[in-house]
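K.L.:
Those sequence lines, one after another, are chains A and B. For the first sequence, my numbering gives the first residue as 1071, with consecutive numbering after it. For the second sequence, my numbering gives the first residue as 1071, with consecutive numbering after it.
Protein chains: 2
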Amino acid sequence: MNVQGKPEKARNNGPGRRPPTMQDVADRAGVSIQTVSNLVNGREHLMAKATRERVAQAMAVLEYRPNMRARGLRAARTNEIGFLVVDDEAKFLADPTNGTAMAGAGEIIGQRGYGLLIQSAKLGDIDDGLFSPLLESRADGGILYLSGGREDREVYIRRIVELGRPFVLFGEERDDDLPAVIADNESGAHELATHLIEKGHRRIAFIAGRAAWPMIEQRHAGYRRALQEAGIEPAQELQLFRGRWDPIDGATMASSLLALRDPPTAIMAANDLLALGIFQAARGRGMQIPDDLAVTGFNDFDFAAFLEPSLTTVSLPVYEMGEAAATIVIDQIESVDGEAIRRFPVEVLIRDSA
Amino acid sequence: MNVQGKPEKARNNGPGRRPPTMQDVADRAGVSIQTVSNLVNGREHLMAKATRERVAQAMAVLEYRPNMRARGLRAARTNEIGFLVVDDEAKFLADPTNGTAMAGAGEIIGQRGYGLLIQSAKLGDIDDGLFSPLLESRADGGILYLSGGREDREVYIRRIVELGRPFVLFGEERDDDLPAVIADNESGAHELATHLIEKGHRRIAFIAGRAAWPMIEQRHAGYRRALQEAGIEPAQELQLFRGRWDPIDGATMASSLLALRDPPTAIMAANDLLALGIFQAARGRGMQIPDDLAVTGFNDFDFAAFLEPSLTTVSLPVYEMGEAAATIVIDQIESVDGEAIRRFPVEVLIRDSA
DNA sequence: CCCGGTTACTTGATCGCTATACTAACTCTC
DNA sequence: GAGAGTTAGTATAGCGATCAAGTAACCGGG
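1. Would you please state the rounded distance, in angstroms, between the beta carbons of Leu1186 of chain B and Ile1188 of chain A? I believe it to be under 8 Å.
2. Skipping 5 residues on each side, what residues in its chain have a beta carbon closer than 7 Å to that of Gly1075 of chain A?
3. Below 8 Å on C-beta distance, what does Asp1165 of chain B contact in chain A?
4. How would you label Arg1208 of chain A, buried or exposed, when you count the other beta carbons within 10 angstroms and need 16 or more for buried?
5. Please give the ranges of any beta strand (DSSP E) in the region 1293 to 1324 of chain B, keeping only runs that are unbroken, at least 3 residues long and fully inside the region.
6. Tell me the rounded alpha-carbon separation between Val1101 of chain A and Glu1133 of chain A.
7. Can you pull out the residues from the region 1331 to 1345 of chain B whose beta carbon lies closer than 7 Å to at least one beta carbon of chain A?
8. If you measure beta-carbon to beta-carbon, which residues of the region 1357 to 1384 of chain A are closer than 7 Å to chain B?
9. In chain order, what residues of the same chain have a beta carbon less than 7 Å from the beta carbon of Leu1204 of chain B, not counting five sequence neighbours either side?
10. Going along the chain, which residues of its own chain have a beta-carbon closer than 7 Å to the beta-carbon of Glu1307 of chain A, five neighbours each way excluded?
11. Just verifying my parser: in three-state terms, what is the DSSP assignment at Met1357 of chain B?
12. Just the C-alpha distance for Arg1273 of chain A and Phe1349 of chain A, rounded to the nearest angstrom, thanks.
13. Per DSSP, what kind of secondary structure is Glu1404 of chain A in: helix, strand or coil?
14. Could you tell me which chain B residues have their CB closer than 7 Å to the CB of Arg1353 of chain A, listed as they occur along the chain?
15. Which runs of the beta strand (DSSP E) spanning at least 3 residues fall entirely within the region 1168 to 1194 of chain A, listed in chain order?
16. Counting only beta-carbon atoms, is Pro1090 of chain A nearer than 7 Å to chain B?
17. Can you find a C-beta in chain A that's less than 7 Å from the C-beta of Met1029 of chain B?
18. So, using beta-carbon positions, are Pro1317 of chain B and Phe1376 of chain A closer together than 7 Å?
19. Under 7 Å between C-beta atoms, does Gly1194 of chain A make it to chain B?
20. Return helix, strand or coil for Met1117 of chain A, following the three-state DSSP convention.
21. Thr1366 of chain A by DSSP, collapsed to three states: which one?
22. Looking only at C-alpha atoms, which of B:Trp1315, B:Lys1192, B:Ala1250 and B:Ile1227 sits nearest to Leu1344 of chain B?
23. Tell me which residue opens and which closes the alpha helix (DSSP H) that Val1231 of chain A is part of.
24. Can we say the region 1382 to 1390 of chain B touches the region 1290 to 1307 of chain B, given the rule of at least three CB pairs closer than 8 Å?
25. Mind pulling the chain B residues with CB within less than 8 Å of Glu1206 of chain A?
26. With DSSP as the reference, label Ser1202 of chain A as helix, strand or coil.
27. Quick check: what's the CA-CA separation for Tyr1215 of chain B versus Phe1240 of chain B?
28. With a threshold of 7 Å between beta-carbons, can Gly1301 of chain A be considered close to chain B, or not?
29. Between Asn1072 of chain B and Phe1237 of chain B, what straight-line distance do the alpha-carbon atoms span, to the nearest angstrom?
30. Using a threshold of 7 Å, state whether the C-beta atoms of Ala1340 of chain B and Arg1289 of chain B are closer than that.
31. What residue ranges within the region 1137 to 1165 of chain B form continuous alpha helix (DSSP H) runs of no fewer than 4 residues, ordered along the chain?
32. With DSSP as the reference, identify every bridge partner of Val1418 of chain A, one or two as the case may be.
33. Where does Val1280 of chain B fall in DSSP's three states?
34. Take the Cβ of Asp1407 of chain B as the centre, count every other Cβ of all protein chains shown within 10 Å, and call the residue buried at 16 or more, exposed below.
35. Rank B:Tyr1184, B:Ile1252, B:Gly1219 and B:Glu1393 by C-alpha distance to the C-alpha of Ala1281 of chain B and give the top, closest one.
36. CB-CB under 6 Å to Ser1325 of chain B, same chain, minus the five flanking residues each way: which ones, in chain order?
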């Protein structure tokens, strides 16, 4: 079927009448355009009750909807919040954790009368594409989520600071008080590692994808701290950062760990997908989890509780974090007082795999 | 920390200089604003080479970025595509399948110079909130994805048709040639069921969440067709639609199926999450998959290949479908010829669970 | 050497809305 | 009953771009 074909085209282009403007409403109600504007913007106290009703009636009849482009141009705001995502391979949305964060942000953004504008870029593309919502006056503020890790992360952060517009960093805290929403990954990992140590494990491995960004580094740090506190020197060969966070990478890393002369008795994965791969590798070697090998994940994906054995992992309040991020940006935009850094606790879920 | 605090405020509000306008560029280059506009919009053949360079230079120095609000107002387009999502509980983005579709759409949208605007609504909220990107001139067109099922789906579809703006339906095909992107769920389910029948199964169950939308109904239809073709009358008690698509719902439905006097030897789940629950229920009863019970899923989530046993399921090209949806809408907006209905094949992945 | 055509621009109106300033009538107070 | 304050509006000027319609210079042909 051809979009250009007349029948389809006609249907999609509709009745062809242009949408009503404020002027149309004003004419119909017999008032000036400004009076309509006042009503639309909630300044109803500026007009008599009868006028208000007449205008409201006219708006209803004409099905008037304000043109946000025009409003934005004049009022220098768009009522749009940009969610700016950088990531190694544009897989961001395929991760339910990230999707949930975005859903939380979207909820608040919607409630407060804004729209959610998504802009993504691949890590390394340091043109200004990522910031176009801010640069091109399409959004009033932005939530910046840099997942994936490389040196150039700093470039992005410097850039958004320079832009001089309201923003909040998602998932990472800086030493310089930039608005941020973070979860206490460090103590989650610390608690997890401590749990393993209490179970008697001494050879505890930590695996993650090749690129580790701050959120992941914190998990790693929590792991190291727990071991050190227990007087265990975290062995270099037990800390692996390889691959792209696929389960298959988890399997590969687990295999090489288990092939060591002195293999670990527990493996902490920096996320649940990697843990899934560890399960597979362990099964392949006929090992029982948790008896032969303890495994922990991170993030508490849907499947975690349903694996056999169920996966011990850490749950992050991502939805709430998304909400908080949106709240911070909008508060800034509207000059409302509020916390600019929100730190969330995490929940360690001890299940059967460790 | 207080956002209103002077230092933070100052940082976030930046240097305070307003962004350069076309007029600024024009002044600096010693040309008229229209000449700048011509260059910005790729009509470089309208000016002398020297002028072009002077203007380009001025744009670079000032770091000029067009104000999309202003362009949108005058040119009656925003270069923004709305992704409108309706769903039972705003969980849409938490589903990696949906996230992947959106990522695919986002990729094309970005490539073609547009932005991606997400608007979601809960099924049943039939105000115009969902369509606000279109109604308020914030987007030039929309991708409409109605997941979750209820009678009022029709209302949404009628509404978007009425709006008379370019749109495409995601995941469902209508008898009336509306632009759409769909996957061949019916034949995927048919192939899956046929596979089970060939393996000797006769008592084959089908389970899904309470609300079944067209995509799910197609899976159900494929199941029924396969059974009928094999001369098996699909028993009513083997077709369950309960709960909210959580693994726990899958476990519950599987338990009640397995408690039947004549229990099924195979269960087809309408998605992988439900299948995960079936695995759990089967384990709870000491049953071996696939020997005591064959299980199939749908969607091929990340975890499917890594379960024990690995899950037989159907993979949909969701990323490509997202790309196709974006392509269709943008083609319509730009009056480019192209297919308005794109149908994608699915891939049945026979693994170990069935 | 004048005409039409091209090239290289400029000018002015306008998109739909909001901000600012203004008017006119009415009410209250001393 | 004059000045101040309140109420209920209107009038005008843009926001930053695009569109349609100019203009001015040059250029080749008869």
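Note that beta-carbon positions come from the ideal geometry of N, C-alpha and C, so glycine has one too.
P.N.:
On the basis of the data shown:
1. Between the beta-carbon of Leu1186 of chain B and that of Ile1188 of chain A there is about 5 Å, and that keeps the pair under the 8 Å contact cut.
2. Confidence at Gly1075 of chain A is low in this model, with a pLDDT of 30, below 50, so its placement is unreliable and the value that follows should be read with caution. Same-chain partners within the cutoff: there are none.
3. Here the neighbours are Pro1166 and Gly1169.
4. buried
5. 1309 to 1311
6. 17 Å
7. Taking 7 Å as the upper bound on Cβ-Cβ separation, chain A lies near residues Leu1343 of the region 1331 to 1345 of chain B.
8. Asp1372, Phe1373, Phe1376 and Glu1378
9. Gly1152, Gly1212, Leu1233 and Arg1235
10. Leu1330
11. Secondary structure at Met1357 of chain B: coil, using DSSP grouped into helix, strand and coil.
12. 18 Å
13. coil
14. Glu1378
15. 1185 to 1192
16. Answer no: the Cβ-Cβ gap between Pro1090 of chain A and chain B never drops below 7 Å.
17. Residue 1029 of chain B is absent from the structure shown; chain B starts at 1071 and stops at 1424.
18. Yes.
19. no
20. Collapsing the DSSP output to three states places Met1117 of chain A in coil.
21. strand
22. B:Trp1315
23. Arg1223 to Glu1232
24. no
25. Arg1135, Pro1136, Asn1137 and Met1138
26. helix
27. 5 Å
28. no
29. Note that Asn1072 of chain B has pLDDT 37, beneath the 50 cutoff, so the model's placement of it is unreliable and the number below is only indicative. Near 43 Å, if we compare the C-alpha coordinates of Phe1237 of chain B and Asn1072 of chain B.
30. In contact: Ala1340 of chain B and Arg1289 of chain B (Cβ atoms closer than 7 Å).
31. If we require 4 residues or more, the alpha helix (DSSP H) runs fully inside the region 1137 to 1165 of chain B come out as 1138 to 1145.
32. A:Val1384
33. In the sequence as displayed, the identity of residue 1280 of chain B is Arg instead of Val. Of the three classes helix, strand and coil, the one that applies to Arg1280 of chain B here is coil, per DSSP.
34. exposed
35. B:Gly1219
36. Around Ser1325 of chain B: Ala1351.
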